[in-house]
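Peer 1: Chains as they are written, first to last, in this note's numbering: chain A, 1 to 115; chain D, 1001 to 1114.
(1) Strictly under 8 Å for the Cβ-Cβ distance: is residue 1090 of chain D near chain A by that measure?
(2) Got a sec, what are the start and stop residues for the beta strand (DSSP E) residue 35 of chain A sits in?
(3) Going by the beta-carbon positions, is the gap between residue 1051 of chain D and residue 1030 of chain D smaller than 8 Å?
(4) State the start and end residues of the unbroken beta strand (DSSP E) segment that holds residue 1050 of chain D.
(5) Starting from the Cα of residue 1019 of chain D, find the closest Cα among D:1025, D:1059, D:1028 and D:1008 and give me that residue.
(6) List the whole-angstrom C-beta distance separating residue 1006 of chain D from residue 1106 of chain D, where the pair is believed to meet the contact cut-off of C-beta under 8 Å.
(7) Please name the residue in D:1095, D:1094 and D:1087 whose C-alpha comes closest to that of residue 1038 of chain D.
(8) Is it the case that the Cβ atoms of residue 25 of chain A and residue 64 of chain A are separated by a distance below 8 Å?
(9) Can the beta-carbon of residue 1065 of chain D be found closer than 8 Å to that of residue 1024 of chain D?
(10) At 7 Å on the CB atoms, spell out the chain D contacts of residue 43 of chain A, in chain order.
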């Protein structure tokens, strides 16, 4: 089992719809969760991060976390063609009991928003 | 504020040559990460430093790869000798604080080994 798994894409939604991106992780000790967006040929760009169970909203983006189910998701409301990109889920793990940990990334989900 | 700065942006070289990639983290950040990204393997962590000290180099593929961070504002990733399978995009990222803080990525170096 991969440490961080994302729903296999590509995901295609019409403009204006809600895009739902899902991610599961295997390490129950993980504390912090990040969503990055990566346009083709560009570097990953941070969208949101979440630490606590529940929802966190930022504009059209909502991150949802359920630690009991080891599940994190990203909802994009009113999807726009400019949202078309690869979305990477990343989960932090601590190094040997310290707080200076690393991120483990999922394989990414390709999202296409068509007009 | 300046972001993470990587150089060169593109590198094309022949197999067997030494390749050196450079990274300047965001000022004030205390952790630095080197990643490699390919279509087949996705984004892989190679090595990371905290306060200039290597913490985890388990992702370094083999002895041909080495990384240094001589000071808080500069790091290098070296491949010697290079092989065609090393062709990938190499990203450097930096972070302030602990693992609950986000990492910020540079624009990457696209490396092609012929």
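Just so it is clear, CB atoms sit at the ideal spot from N, CA and C, and this is done for glycine as well.
Peer 2: Taking the structure as given:
(1) no
(2) 33–38
(3) yes
(4) 1042–1050
(5) D:1008
(6) 4 Å
(7) D:1087
(8) no
(9) no
(10) 1091, 1105, 1106, 1107 and 1108
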